[in-house]
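Just so we're aligned: the sequence shown equals residues -1 to 226 in the working numbering.
Here a beta-carbon is modelled for each residue, glycine too, at the ideal position from N, C-alpha and C.
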Amino acid sequence: MRKFLVFLIFLLVLLVAADRGSHYAAESEIAKRIAQQYDMAAEPEVTIGGFPFLNQAIGGEYQEIHVVTGALTVEEVQVDRVDVTLTDVRAPFSDLLSQPNVVAGGVEGTVLLPYSELQKRLPPGVVIESENGEPRISGDLAYEGFSVSVSSRFQIEVEDDVLIVTPSDVELGEELVPMSWAQTMLAPTVQLPRLPFDLRVTEVELLPNGIQATAVGSDVQIVGSSDA
């Protein structure tokens, strides 16, 4: 009886080791394939949820996969980070090493854009800085040959994949400068590119370190061709 118990424990250890080894191999392979798919300079962090892993791998269906990327450039727009959770993922384990085809039924997460993307669309001499944890637009505007100091809070909303800036509480150093002109100068727009994982931005939030966009997607081809 004791030998049998020892054998069962040994077998269990082997199964757990095989499960964890396959789990790590799948995460590494998916990370590599995602980096290739979206032309990333570095592989993203990939975490496959659920245990045991082998049951999911054999069935080719995964409950949840978490992906976090580093900085990347998408159609000349700088993105600091993409943090998404993929659900109802279909990825046959046997195909990962040959012809990978990973499809997610649902995708949701966040995309962080640096303020530099907004600042380069503002007039020269104007910068975005954080004041007490709140981003503000400040600097000097050129108006009819004169330099006019300006400071403003602002909000951002998204409409049809376009980020729209609306300045508020605008303070000007010269009373003769039309407020409507200053507000127009401080209201750039940012056309969002086609984001990784076919994410669609639903709302945006201003953070001290950038613009955080909440995004979703469905039936997304994560790796491989849509014709696969």
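Can you give the Cα-Cα distance for G171 and R198, rounded to whole angstroms? 40 Å
Going straight from the alpha carbon of V156 to that of S145, what length do you get? 32 Å
If you draw a straight line from the alpha carbon of E129 to that of M177, how long is it in whole angstroms? 23 Å
Taking Cβ to Cβ, would you say A29 is nearer than 9 Å to E43? yes
Less than 9 Å between the C-beta atoms of D138 and S150, yes or no? no
Span of the beta strand (DSSP E), counted from its first residue to its last, around T67: Where T67 is concerned, there is no enclosing beta strand (DSSP E), given that its DSSP letter is neither H nor E.
The alpha helix (DSSP H) that contains A180, what's its start and end? 177 to 183
Can you name the start and end residues of the beta strand (DSSP E) that E115 belongs to? Unbroken run through E115 is the alpha helix (DSSP H), 114 to 117; no beta strand (DSSP E).
Helix or strand or just coil, what does DSSP make of Y60? strand
Just grab the DSSP bridge partners of D81 for me. V66, T108
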